[in-house]
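*Asks:* To start, I am sharing the structure in question, which I have written as structure tokens.
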Amino acid sequence: MDKKEYGWATLAAIGISVGSIVLAFVAMLYGGFVTMKLWNGIISPTFSLIQLNFFQAWGLDVFVSYIVSGTKKSDDEDSFIYIFFKAIAATTAFWIIGVIIMNFI
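Under the numbering used here, the letters of the sequence shown match residues 1300 to 1404, in that order.
Listed below in structure tokens is the structure:
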């Protein structure tokens, strides 16, 4: 591999790393937002608990995700983009179900 190819490979690796970090942060922020909306719309009125602000909900989402995720290893290596969209789709599905439930509270 010559210097030019090495430079492009290094740049691609840096781009993938930075992109992965940005996508992970976006997914965490979105999860915190949905957690806040669902907590304030379902849990708070149902059990007369305090409402959460965004940062409290974000911390709760990250904490619960850390506990639940575990260290499962899969045989197939999914790309980070696939994992990102899977997380966004699951969060959106829970939000839609939560909005439907909030209409009956």
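Built from N, CA and C at the ideal position, the CB exists for glycine as well.
Using the three-state DSSP reduction, which class does I1387 fall into: helix, strand or coil?
*Replies:* helix
*Asks:* Considering S1319, what are the terminal residues of the alpha helix (DSSP H) in which it resides?
*Replies:* Counting along the chain, the unbroken alpha helix (DSSP H) around S1319 starts and ends at K1302 to L1337.
*Asks:* How about A1312 and F1383: are their beta carbons less than 9 Å apart?
*Replies:* For A1312 and F1383, no; Cβs fall outside 9 Å.
*Asks:* When burial is assigned at 16 or more other CB atoms within 10 Å of the CB, is W1357 buried or exposed?
*Replies:* buried
*Asks:* Take the Cβ of W1338 as the centre, count every other Cβ of all protein chains shown within 10 Å, and call the residue buried at 16 or more, exposed below.
*Replies:* buried
*Asks:* Distance check for I1342 and F1362, CA to CA, integer angstroms please.
*Replies:* 18 Å
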